[in-house]
Amino acid sequence: MRNGQCERWRGHRQVIDGILHRVKTGVQRLDLPERFGPWKKVYERHRLGSGKVPGNVSAAHVGRGRRDG
Numbered sequence: 061m062r063n064g065q066c067e068r069w070r071g072h073r074q075v076i077d078g079i080l081h082r083v084k085t086g087v088q089r090l091d092l093p094e095r096f097g098p099w100k101k102v103y104e105r106h107r108l109g110s111g112k113v114p115g116n117v118s119a120a121h122v123g124r125g126r127r128d129g
């Protein structure tokens, strides 16, 4: 594996660890320790991975439509 690829995966691991730290401790995104990388990157990846993106319709929401008679 080349050094560029190692750096990329280290970055992914750092962000994933940041997401897990937020979930475990409940810390606000701005108070995230620097060792997890930029808070904005951790927040965006968490938001995208959790399915809470505006306009994103999940399968769970499809069946909840109103049914008339």
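Residue 129 is where the sequence shown ends in the numbering used here, and the numbering goes up by one at each step. For each residue, glycine too, the CB sits at the ideal point set by N, CA and C. Fair warning: this is a prediction, and the values are worked out from it, not measured in the lab.
Secondary structure of residue i, DSSP reduced to three states
i	result
glycine 71	helix
valine 83	helix
leucine 92	coil
serine 118	Note that serine 118 has pLDDT 48, beneath the 50 cutoff, so the model's placement of it is unreliable and the number below is only indicative. If DSSP states are grouped into helix, strand and coil, serine 118 belongs with coil.
Extent of the continuous alpha helix (DSSP H) run through residue i
i	result
leucine 108	99–109
Anticipated Cβ contact below 8 Å, residue i with residue j, distance rounded
i	j	result
glycine 47	glycine 78	This structure gives no information on residue 47, because the portion of the chain shown stretches from 61 to 129.
arginine 105	valine 75	5 Å
tryptophan 99	arginine 89	5 Å
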